[in-house]
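Undergrad: First to last, the sequence lines map onto chains A and B. For the first sequence, position 246 (counting from the first letter as 1) is numbered 246 according to the UniProt record's numbering, and the numbering increases by one without interruption. For the second sequence, position 124 (counting from the first letter as 1) is numbered 124 according to the UniProt record's numbering, and the numbering increases by one without interruption. Idealized CB from N, CA, C, for every residue including glycine.
Number of protein chains: 2
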Amino acid sequence: MNTITRTALLSVSLAALGATGAMAQEDKTVIAVSIPAATHGWTGGVVYHAEQAEQEIEAAFPDIDIVLKTSPSATAQVSALEDLTASQDIAALVILPFTSEELTGPVEQVKAGGTFITVVDRGLTDPAIQDLYVAGNNIAVGANTAEYLAEQLGGEGEIVVLRGIPTVIDDERIQGFTEVIDGTNIKILDIQYANWNQDEAFTLMQDYLAKYPHIDAVWANDDDMLLGVLEAIEQSGRTEIRYALGGNGMKDVIEMVMANDPVTPVSTPYPPSMIKTAIYMTAAQFHGQAPVRGTVLLDAPLITPENAEQFYFPDSPF
Amino acid sequence: MNTITRTALLSVSLAALGATGAMAQEDKTVIAVSIPAATHGWTGGVVYHAEQAEQEIEAAFPDIDIVLKTSPSATAQVSALEDLTASQDIAALVILPFTSEELTGPVEQVKAGGTFITVVDRGLTDPAIQDLYVAGNNIAVGANTAEYLAEQLGGEGEIVVLRGIPTVIDDERIQGFTEVIDGTNIKILDIQYANWNQDEAFTLMQDYLAKYPHIDAVWANDDDMLLGVLEAIEQSGRTEIRYALGGNGMKDVIEMVMANDPVTPVSTPYPPSMIKTAIYMTAAQFHGQAPVRGTVLLDAPLITPENAEQFYFPDSPF
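Below is the structure:
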């Protein structure tokens, strides 16, 4: 073969390759993912799991292209939606809205263009907009923790409880917890807000320790607050507190569970990885026509030493 | 390189390859899928979609091995579970139980061995056994059809309704339908059982036609029964019936929707492909640690000419 022929063939091949490449790109189903930036532990986990889902889904399904955008505020997320839809045809949008109020209108506009809408965690003001809704079960977070605690304490004892930020999420957790405790002889000595903040939880636990000479157990409601609670207990030198439990399945707390920690032997998940569930399900709809329109309510089973590995992500920030 | 060295190297390579092959096989996560055999249209669809899911998931996730078993009876399904668990370690079981009563005990035994349990469509007697439950929404099947019909008829007219086999599924569909119709001026002239059977639906519709000189619309409750209803209407030569609607998203009926049929312009899905959703979600748990424990309630949005393609499987028997 002479050089000219080879070059000509090479050009043809490259042109063919280019055409195939362009076609493949064009044929790909674009799933846009819009989430808050990593402003605190839990959203840090959301970003980590969304990035993992992008890699895994693109490797598994060559017909799917995931486009991921993180936004540091509700206003920025509204702009991100405009950018995402202006530049390309989006088959589906998976969104964890910064706030329900500010994002409902913009998501409704995306929907009007024929895009499949998957909403995660915080609902929109108008649920009719979503095709798929993936949410955690905060009542189960409270109830499953309370059932475990009641069993360990033999249905008796005196406990203190910390609340998060006044929201529906916090109300549901407390409701699930107190409904179970009300059916026992366990007494809740005190219950105050510490805003899902580790430092505020530390201060509040110091107050509780000063006020109550005997405490059998603490429910910190959330793993971030649990770390503050544990610090306060340690500094106090108090040894009668048999259990200090949180919730959310934070990595540091799952490590305690895996190490058979006697004071924190369990956690309950409200996992940031739920973004991954939403992305996998949306991909299943578009890759395999698997029906996913509807509602997913994720349970909050106890995380124990036996199953902790399933909930543990050593590389995740949360 | 001499021949002896090359042969030796080749042997080493093959041995290494063999070891890797065996390890890969051993490392695969086995998801067993147990479903009824294709004894009628809907279960035929279940088998088709489970087979598709097996191919798609195994191609996408090399770490997952799907083992599919179909059973012609509840007793056979119990034996199939014994075989599946006796011969291998099963990480997860996806099951559409033949009957709740007969399968609850056997599935509980599989669960006791540490297997993740995904239940589809018909629940077990004890819901605590399942990790994930995927179900359709029969109330929505009835309600969404009724809302469409009420709007098309302007909230007025006289209709007849067919019921299926006396079951919770049938009760829910009828409840969803009648609750909407009760809020209109539409009168239900008659409502009788035809057992989800095409021939019985044909006979019942002949009775309705003989009994009522004017009928504005028919709700057949199910697409199999709808085919019998349409045959009876055609044979009668009656032309005043403006709508005859079913439910379930059968292929033949979706073809009518796609062809803009004036009498059957919509359907509602209760799709056998929900088995696929369950298999994809279980795979997401084991391939990507995406949390899926909980409940999925699939919606029943109207299938219209605009979206019919998403619900259409030309190669499926259903």
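Hey, how far is the Cα of B/V180 from the Cα of A/E54?
TA: 42 Å
Undergrad: Can you have a look at B/I254 and say buried or exposed, based on whether 16 or more other CB atoms are within 10 angstroms of its CB?
TA: So B/I254 ends up on the buried side.
Undergrad: How far does the beta strand (DSSP E) with B/N185 in it reach, from first residue to last?
TA: 185-193
Undergrad: Sort A/Y48, A/S87, A/V33, A/E56 by Cα distance to A/V67 and report the nearest one.
TA: A/V33
Undergrad: Helix, strand or coil: which one does DSSP assign to B/L81?
TA: helix
Undergrad: Could you work out which residue in A/A60, A/I233, A/V94, A/R293 is closest to A/V120 when comparing CA atoms only?
TA: A/V94
Undergrad: For B/Y270, which of B/P72, B/T104, B/R122 has the nearest alpha-carbon?
TA: Cα-wise, what sits closest to B/Y270 is B/R122.
Undergrad: Pull up the distance between the alpha-carbon of B/M274 and that of A/Y208, whole angstroms please.
TA: 51 Å
Undergrad: Looking at the structure shown, is A/V119 part of a helix, part of a strand, or coil, going by DSSP?
TA: strand
Undergrad: Less than 9 Å separating the beta-carbons of A/I191 and A/D216?
TA: no
Undergrad: Ends of the alpha helix (DSSP H) at B/D170?
TA: B/D170 -> alpha helix (DSSP H) spans 168-181.
Undergrad: Would B/V160 pass as a contact of B/Y212 if the rule is Cβ separation under 9 Å?
TA: Going by C-beta atoms, B/V160 is nearer than 9 Å to B/Y212.
Undergrad: By a C-beta neighbour count over all protein chains shown, 10 Å radius and 16 as the cutoff for buried, is B/P36 buried or exposed?
TA: Label assigned to B/P36: buried.
Undergrad: On a CA-only basis, which of A/F311, A/S79, A/G183 is nearest A/A146? Give me that one, please.
TA: A/G183
Undergrad: So does B/D27 have its beta carbon nearer than 8 Å to some heavy atom of the ligand COA?
TA: In the structure on display, the ligand COA does not appear, and there are no ligands present to speak of.
Undergrad: Count the other CB atoms, across all protein chains shown, that sit within 10 Å of the CB of B/A59; report buried if there are 16 or more and exposed otherwise.
TA: exposed
Undergrad: With the cut-off set at 9 Å, would you say A/V134 and A/V263 are in Cβ contact?
TA: no
Undergrad: Would A/E108 and A/D126 be called neighbours here (beta carbons separated by less than 9 Å)?
TA: yes
Undergrad: Taking any Cβ of chain B, which residues in the stretch 287-309 of chain A have a Cβ under 8 Å from it, in chain order?
TA: H287, G288, Q289, A290, P291, V292, R293, G294, T295, V296, L297, L298, D299, P301
Undergrad: DSSP state of A/A57, grouped into three classes?
TA: Residue identity differs from the one stated: residue 57 of chain A is Ile in this sequence, not Ala. It is helical.
Undergrad: Would you report the Cα separation of A/S73 and A/H40, rounded to the nearest angstrom?
TA: 13 Å
Undergrad: Using a Cβ-Cβ distance under 9 Å, would A/T277 count as near chain B?
TA: yes
Undergrad: Using DSSP's beta-bridge definition, name the partner residues of A/S71.
TA: A/P36
Undergrad: B/S273 touches chain A at which residues, Cβ-Cβ below 9 Å?
TA: G288, Q289, A290, P291
Undergrad: Confirm, please, whether the CB-CB distance from A/S267 to A/G249 is below 9 Å.
TA: The answer is yes: Cβ separation under 9 Å.
Undergrad: Can the beta-carbon of B/I165 be found closer than 9 Å to that of B/Y148?
TA: no
Undergrad: Can you find the residues in the same chain that come closer than 6 Å, C-beta to C-beta, to A/M281, ignoring five residues on each side of it along the sequence?
TA: V292
Undergrad: Consult DSSP for B/T264 and reduce its assignment to one of helix, strand or coil.
TA: coil
Undergrad: Taking the C-alpha atoms as reference points, what is the distance between residue 319 of chain B and B/A244?
TA: Since the displayed chain B opens at 1 and closes at 318, residue 319 of chain B lies outside it and no answer follows.
Undergrad: Roughly how many angstroms lie between the CA atoms of B/K69 and B/Y48, to the nearest whole one?
TA: 12 Å
Undergrad: How big is the Cα-Cα spacing for B/A112 and A/E309?
TA: 19 Å
Undergrad: DSSP on A/D106, reduced to helix/strand/coil?
TA: The residue asked about is misnamed: residue 106 of chain A is Pro in this sequence, not Asp. Helix, per DSSP.
Undergrad: Please confirm if B/P269 has its CB atom under 9 Å from at least one CB of chain A.
TA: yes
Undergrad: Could you check how far apart the C-beta atoms of A/T277 and B/A284 are, in whole angstroms? I think they sit under 8 Å.
TA: By a beta-carbon distance limit of 8 Å, A/T277 contacts B/A284. Their separation comes to about 7 Å.
Undergrad: Please state the DSSP three-state secondary structure of A/I95.
TA: strand
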